[in-house]
Amino acid sequence: MLDKLVDTGKKATRDGYGAGMHELGKVNPNVVALCADLVASLKIQEFIDENPERFIQSGISEANMMGMAAGLATGGKIPFPSTFANFATGRVYDQIRQSIAYSEKNVKICASHAGLTLGEDGATHQILEDIGMMRMLPGFTVINPCDYNQTKAATIALAEHVGPAYLRFGRPSWPNFTPADQKFEIGKALMLSEGTDVSIFSTGHMVWQTIEAARALEKEGISCELINIHTIKPLDEAAVLASVAKTGCVVTAEEHNRYGGLGDAIAQVLTSNHPVPQEYVAVNDSFGESGKPAELLPKYGLGIDDVVAAVKKVLKRK
Amino acid sequence: MTDRELKLKSVEYRQKILRYIYHAKAGHTGGSLSCIDILNVLYNQVMNVSPENFDDPGRDRYVQSKGHSVEALYVVLADLGFFPEEDLLTLCRYQSPYIGHPTKKVRGMEQNTGGLGHGLAICSGNALAAKKDKLPLRVFTVLGDGEMAEGSNWEAMMLAAHYKLDNLCAILDYNKQQITGANADVIGLEPIRQKVEAFGWVVREVDGNDVCALADTLQCLPFEAGKPSFVIAHTVKGKGVSFMEGVLKWHHGVPSPEQYEQAMKELEEARQKLLEEVVEA
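First to last, the sequence lines map onto chains A and Z. Per UniProt numbering: the first sequence = residues 1 to 318. Per UniProt numbering: the second sequence = residues 1 to 281.
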């Protein structure tokens, strides 16, 4: 199955969001887009051009944007407030917690430029804590798609979903390998490649890193089961446990701090149900810096080699 | 520093901003060019801060709230001798401390900034602490016009007036544009003067690209005892390069080789003209 995972041409996940919004603009009149002065970065210009009356520019006032989104949802709209991931989460956490999560508002927070791969802007903008923060909010759905096609499909699926949600995506061009016509099922893990020696659960940009690592490991006779956890919450526990029953060990991979993200979410399921050795591929509790994704990912432990090393380490612990 | 020397510094700083942004192939060109005259006057004429006194608790403080225009601050700090200017050849590169927004890893920086709407609250805290410690220092920040939409700025403004922080001066780099377009089209901030005055600050307006006017204004701080000072510095985004002035795409555009050559030629002509004036004088 590994050889079927082919990059059909690099595209940014944020462009997938823009394409999803463009589609929603045509099919769902309740969808409203909001943005805090980052329209071009979020790729929603087509939505705005075709639906100017359904776009609200908040300017650089993210807290205000989240409050307005909560208010719009009360009136039956489906607001999609969007900005960079650091401003969409940490900056406005209390607004999200009180006005959206606690108030059970049907708001879809859409966040680009998450993680190290935003590159040159450096640490202030490279949020590596957002999955943890959003996962902790009661009732919140947290989604981190892996490529353009999946981000587009997830965006469209969110409009049908009822309840607060966080959609996390990124800035760089990245391999696009999932089907263009996929139906995105929130909360349903995606089997990418079956294997027997180790279960690799990955999310976001790191999915491609694990595919490349699995190809390298296959040459050494190591069989990896690759599972794409696009929805970190609610987690597809059945899929996790079924895979682990077969392989007996786990590697998790995410573009996020090792605390609070996908790795911890998987570990919670394992410790309560089926404890097995687990290794984390994640940022080791630090902030980022400027640089290109290809420079930053290996430096912060998110390279293909880091996945390979984690697999070998966990196999020894089996 | 004489008026002519200040003018010369501004042109040279603009050349450096473009040189390092061009080399890095990254950076916020338009905003750095709009605010550089303000930073020039602050660091060379107004503030008591230098590499020699940077560890002195009594030094004046500067926090750049519009952190994305960090290139302007880098070239001024290098010029003052905080670090070798050639270090800026690593701007925005992997493993460089000279990242895309202000960081205290760089000597001369007081505060990490980047996300907008943070600087004024931090400066208010600095100014309040100085009052409590009876230190005569002053605290300065440069705000972007787009970031005036951040509610946190207005919260800080209430606080600064309440605590009578007349050792605090905020300068608005009012180039009238932000990343998406004109302020007036995104979220209008007018009438900004009346709003700030209503929050209890004393406001002066000045041509923010005129170093002489800026120096005159900033030399009579505080504008009124017991009140914080606010300068509306009317600037032009991309100032100093004909094809960048007021053109939105230069918010963080990087010039092509041809554009870079043209920009540097214009600035060099401006520099030579100033040098001739100095000789004549």
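Backbone N, C-alpha and C fix where the C-beta goes; we use that ideal spot for every residue, glycine too. Model, not experiment: these values are computed from the prediction.
Asked, Found
"Alpha carbon to alpha carbon, how far is residue 173 of chain Z from residue 271 of chain A?", "54 Å"
"At 7 Å on the CB atoms, spell out the chain B contacts of residue 292 of chain A, in chain order.", "Here chain B cannot be found, since the structure's protein chains are A and Z."
"I need the DSSP call for residue 90 of chain Z, collapsed to helix, strand or coil.", "helix"
"Using a Cβ cut-off of 8 Å, pull out every chain A residue sitting near residue 221 of chain Z, in sequence order please.", "Here the premise fails: no neighbours, minimum Cβ distance about 27 Å."
"Taking residue 35 of chain Z as the reference, which of Z/98, Z/211, Z/217 has the closest Cα?", "Z/211"
"Using a Cβ-Cβ cut-off of 7 Å (strictly less than) and excluding sequence neighbours within five positions of residue 217 of chain A, which residues of its own chain qualify?", "224, 308, 311"
"Rounded to whole angstroms, what's the CA-CA distance from residue 79 of chain Z to residue 85 of chain Z? Just pull it up for me.", "7 Å"
"Taking only runs of the beta strand (DSSP E) that begin and end inside the stretch 124-203 of chain Z, which ones reach a length of at least 3 residues, in chain order?", "139-144, 168-174"
"Can at least three beta-carbon pairs, one atom from the stretch 125-142 of chain A and one from the stretch 158-168 of chain A, be found at a separation below 8 Å?", "yes"
"Who are the Cβ neighbours of residue 207 of chain Z in its own chain at under 7 Å, not counting the five residues just before and after it?", "213, 234"
"Is there contact here, the stretch 27-45 of chain Z with the stretch 120-138 of chain Z, by at least three beta-carbon pairs under 8 Å?", "no"
"If we define contact as Cβ-Cβ less than 8 Å, is residue 44 of chain Z a contact residue for chain A?", "no"
"Is residue 320 of chain A close to chain Z, meaning its C-beta is less than 8 Å from at least one C-beta of that chain?", "The structure shown does not extend to residue 320 of chain A, since chain A is modelled only from 1 through 318, so no value can be given for it."
"Is residue 170 of chain A closer than 8 Å to residue 230 of chain A when the C-beta atoms are compared?", "no"
"Below 8 Å, how does it come out for the stretch 185-195 of chain Z and the stretch 95-111 of chain A: are there three or more Cβ pairs, yes or no?", "no"
"Rounded to whole angstroms, what's the CA-CA distance from residue 10 of chain A to residue 49 of chain Z? Just pull it up for me.", "48 Å"
"Are there 16 or more other CB atoms within 10 angstroms of the CB of residue 220 of chain Z, so buried, or fewer, so exposed?", "exposed"
"If we call anything under 8 Å between Cβ atoms a contact, is residue 100 of chain Z one with residue 122 of chain A?", "yes"
"How about residue 247 of chain A and residue 210 of chain A: are their beta carbons less than 8 Å apart?", "no"
"Output needed in chain order: residues of the stretch 157-189 of chain Z with a Cβ under 7 Å from some Cβ in chain A.", "178, 179, 180, 186, 187"
"Identify the contact partners of residue 122 of chain A in chain Z, using a Cβ-Cβ distance below 9 Å as the criterion.", "92, 99, 100, 101, 103, 114"
"Give me the Cα-Cα distance between residue 69 of chain Z and residue 32 of chain Z, rounded to the nearest whole angstrom.", "5 Å"
"Helix, strand or coil for residue 210 of chain A per DSSP?", "helix"
"Under a CB-based cut-off of 8 Å, is residue 297 of chain A close to chain Z?", "no"
"Can you tell me whether residue 162 of chain Z is buried or exposed, with buried defined as 16 or more other CB within 10 angstroms of its CB?", "exposed"
"Against residue 87 of chain A, what residues of chain Z qualify as contacts under a CB-to-CB distance less than 9 Å, listed in chain order?", "115, 116"
"Kindly indicate which residue of Z/267, Z/261, Z/98 has the alpha-carbon position closest to the one of residue 107 of chain Z.", "Z/98"
"CB-CB under 6 Å to residue 222 of chain Z, same chain, minus the five flanking residues each way: which ones, in chain order?", "166, 229"
"Applying the 10 Å Cβ sphere with the 16-neighbour rule, what's the burial state of residue 13 of chain Z?", "buried"
"With 9 Å as the C-beta to C-beta threshold (strictly closer), list the residues of the stretch 98-121 of chain A near chain Z in chain order.", "119, 120, 121"
"Counting contacts by CB-CB distance shorter than 8 Å, is residue 63 of chain A in contact with chain Z?", "yes"
"Using only the alpha-carbon positions, how far apart do residue 277 of chain Z and residue 262 of chain Z sit?", "23 Å"
"Can you tell me whether residue 268 of chain A is helix, strand or coil according to DSSP?", "helix"
"Taking a contact to mean a Cβ-Cβ separation below 8 Å, would you say residue 32 of chain A touches residue 72 of chain A in this structure?", "yes"
"Below 7 Å between beta carbons is the criterion; list the residues of the stretch 127-155 of chain Z that meet it against any residue of chain A, in chain order.", "146, 147, 149, 150, 151"
"Using a beta-carbon distance below 8 Å, is residue 171 of chain A in contact with chain Z?", "no"
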